[in-house]
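Read the structure below first, then the notes.
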Amino acid sequence: MRTADPMGPTRIVPFAGGDRSLPSLALGGITAFARSRPGLGGVFRFVPQMTELAELESLLRSDSSPIVLLLSNYLWTAATNLQASALAAEVAPGSVTVHGGPHTPHYSGDNRRYFEMHSHVDVTVRQEGELTTARILSAFAEAGRVDASVLAALNVPGCTVRTPTGLHRADDVERIDDLSVLPSAYLGGELSHLTPERWMFGIIETNRGCPYGCTYCDWGQATLSRVRKFPLERVLAEIDWLVDHRVATIFIADANFGIFGRDVEIADHIARRRNETGYPRHAIATFTKNTNRHVRDHRDLDLGRHLGGGRAVDADDRSRDAVDGPAAEHPHRAIRGAQRRVRGARPTRGVRPHRWPAGFDGRFVPP
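The opening residue of the sequence shown carries number 0 in numbering that gives the first Met the number 0; numbering runs sequentially from there.
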């Protein structure tokens with residue numbers, strides 16, 4: 000465990016390993032939420048999100064004040080994020096590294112091995128990161144120092160912490176039921192400095208959660224979680240932001256786009272903005288699972304062709320209690336409505352593999 004330093008002008012550094020063409024919406028949302036918490040803005044200095052190791056190293060060597068390094072691990076960022084974490088431990092030993100995201104092991108045994116393999120990892124966060132990260136920073140502010148042991152002493156939910164005596168795993172954090180409390184990373188300017196017009200795609204969350212229990216998928220994490228919706232006005236405003244910043248591709252990150260009736264309006268809005276401006280040029284979505292083969296096949300031929308090539312997955316293991324609204328009984332209604340309306344967006348036939356960060360094993364058909 001590294002030596003704790005007295006609280007100075009502590010910098011919060013979100014780092015998304017890779018390049019500027021694929022920034023982290025998750026980290027943008029986490030820092031936007033943390034900025035909005037009372038008392039944190041006066042204690043911490045939030046650095047704009049970084050994506051390149053050289054940029055991070057320059058920051059670390061610029062002065063000796065501790066940092067809190069926030070890392071959101073996905074398949075395409077995990078390797079570079081570990082390098083960034085090791086760099087922080089070497090160059091700025093008063094810092095704390097915080098790893099979250101779906102590529103950070105959640106289960107206790109796997110998580111323990113992760114700490115054993117990577118001595119520079121101080122904290123891991125599981126599940127949604129906004130509340131946990133804000134509480135981590137609040138704990139540091141309350142203690143007056145940046146020290147991971149503080150988190151163990153306060154038993155901050157949702158994280159596992161390396162301490163001098165071993166690992167401390169707190170209880171899971173509660174889910175965020177009201178997503179309207181989360182500020183938008185786009186509308187709040189968290190990602191504006193990363194040249195949006197050059198992004199591979201801009202990600203949109205219209206909801207969180209998944210009512211299905213697919214064993215191979217981390218989305219629902221086998222919890223059959225209730226689907227919670229972001230305010231529609233926010234979703235449409237974020238689409239407008241991406242269009243206004245000439246982002247070529249919109250990626251709808253829902254587990255089941257089309258499960259709610261309002262998804263028709265969202266699809267309409269994307270198509271309408273493309274007709275008005277030429278953007279987005281492509282749209283991608285993962286569509287709702289449905290065992291009705293007729294609807295599924297029709298969706299592949301229609302929505303899949305016009306909104307970005309989605310693939311159907313049968314998922315018999317579901318919980319209708321996890322979905323609210325009329326779509327819980329008839330999720331195909333939203334799909335059929337969108338099929339009739341979405342005609343504007345060109346199909347996303349794929350992204351050239353050489354454009355993906357090193358280490359990403361994606362398979363795409365070249366356009």
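Yeah, the Cβ is synthetic: ideal placement off N, Cα and C, and Gly gets one too.
Below 7 Å CB to CB, which residues in the same chain sit around residue i once its five sequence neighbours on both sides are set aside?
i, result
"Ala-142", "Val-149"
"His-329", "Reliability of the predicted coordinates at His-329 is poor, the pLDDT of 42 falling under 50, and the value obtained from them is presented with this limitation in mind. Nothing meets the Cβ criterion."
"Ala-140", "Gly-38, Leu-39, Val-42"
"Glu-129", "Gly-28, Ile-29, Phe-32, Ile-175, Leu-181"
"Trp-240", "Tyr-185, Leu-186"
"Thr-79", "Gly-16, Gly-17, Leu-52"
"Ala-151", "Val-160, Thr-162, His-167"
"Arg-34", "Gly-40, Phe-45"
"Ala-85", "His-119"
Quick one: is residue i buried, meaning 16 or more other Cβ sit within 10 Å of its Cβ, or exposed?
i, result
"Asp-146", "buried"
"Ala-138", "buried"
"Ala-236", "exposed"
"Val-180", "exposed"
"Tyr-73", "buried"
"Arg-125", "buried"
"Asp-177", "exposed"
"Gly-215", "At residue 215 the sequence reads Tyr, which differs from the Gly that was named. Under this definition Tyr-215 is an exposed residue."
"Pro-279", "buried"
"Gly-16", "buried"
"Asp-320", "Because the pLDDT of Asp-320 is 41, which lies under 50, any placement of that residue in the model is unreliable, and the number read from its coordinates should be weighed accordingly. By the 10 Å Cβ count, Asp-320 comes out exposed."
"Asp-262", "buried"
"Met-116", "exposed"
"Ser-57", "exposed"
"Thr-164", "exposed"
"Ser-71", "buried"
"Gly-54", "Note that residue 54 is Glu in the sequence shown here, rather than Gly. By the 10 Å Cβ count, Glu-54 comes out exposed."
Could you name the residues of the same chain whose beta carbon sits closer than 6 Å to that of residue i, not counting the 5 residues immediately before and after it, in chain order?
i, result
"Val-122", "Val-97, Ala-147, Cys-158, Val-160"
"Asp-323", "Unreliable positioning characterises Asp-323 in this predicted model, as indicated by a pLDDT of 46, which lies under 50. The coordinate reading is nonetheless provided below. So the list is empty, once near-sequence residues are dropped."
"Leu-193", "Arg-19, Pro-22"
"Asn-156", "This sequence places Pro at residue 156; Asn is not what is there. Once the five neighbours on either side are set aside, the close Cβ partners of Pro-156 are Ala-169, Asp-170, Val-172."
"Trp-198", "Ser-20, Val-246"
"Arg-36", "Ala-133"
"Arg-272", "Val-242"
"Ala-77", "His-102"
"Gly-201", "Leu-241, Val-246, Ile-249"
Report the rounded CA-to-CA distance for residue i versus residue j, giving the unit in angstroms.
i, j, result
"Asp-18", "Glu-51", "6 Å"
"Glu-264", "Lys-288", "20 Å"
"Leu-190", "Pro-47", "8 Å"
"Asp-170", "Pro-104", "15 Å"
"Ala-266", "Ala-87", "42 Å"
"Ile-66", "Gly-188", "21 Å"
"Arg-245", "Gly-260", "28 Å"
"His-268", "Lys-228", "17 Å"
"Ser-224", "Cys-209", "5 Å"
"Asn-274", "Glu-196", "18 Å"
"Asp-62", "Asn-154", "31 Å"
"His-102", "Leu-81", "11 Å"
"Leu-59", "Ser-94", "10 Å"
"Asn-110", "Thr-276", "46 Å"
"Asn-206", "Ala-270", "20 Å"
"Ile-258", "Phe-286", "8 Å"
"Glu-232", "Asp-243", "16 Å"
"Gly-212", "Glu-127", "18 Å"
"Ser-118", "Ser-183", "34 Å"
In the structure shown, what three-state DSSP assignment does residue i receive?
i, result
"Ser-94", "coil"
"His-244", "coil"
"Ala-184", "coil"
"Val-124", "strand"
"Gly-28", "helix"
"Val-160", "strand"
"Val-145", "strand"
"Gly-17", "coil"
"Met-116", "helix"
"Asp-176", "coil"
"Asp-171", "coil"
"Thr-214", "coil"
"Phe-229", "coil"
"Arg-207", "strand"
"Gly-108", "helix"
"Ser-23", "coil"
"Ser-71", "strand"
So, for residue i: in the same chain, excluding its five sequence neighbours on each side, which residues have a beta-carbon less than 8 Å away from its beta-carbon?
i, result
"Leu-69", "Ile-11, Val-12, Pro-13, Phe-14, Leu-26, Ile-29, Thr-30, Val-97, Gly-99, Thr-132"
"Ser-107", "Arg-168"
"Ile-203", "Val-234, Glu-237, Ile-238, Leu-241, Ile-249, Phe-250, Ile-251, Ala-252"
"Phe-114", "Val-120, Thr-123, Thr-159, Arg-161, Leu-166"
"Val-90", "Glu-56, Leu-59, Arg-60"
Residue i bridges to which residues according to DSSP?
i, result
"Ile-66", "Arg-10"
"Gly-201", "Ile-249"
"Ile-372", "The first residue shown for the chain is 0 and the last is 366, placing residue 372 beyond what the model contains."
"Phe-45", "Ile-11"
"Phe-256", "Phe-286"
"Gly-165", "Thr-162"
"Gly-99", "Ser-71"
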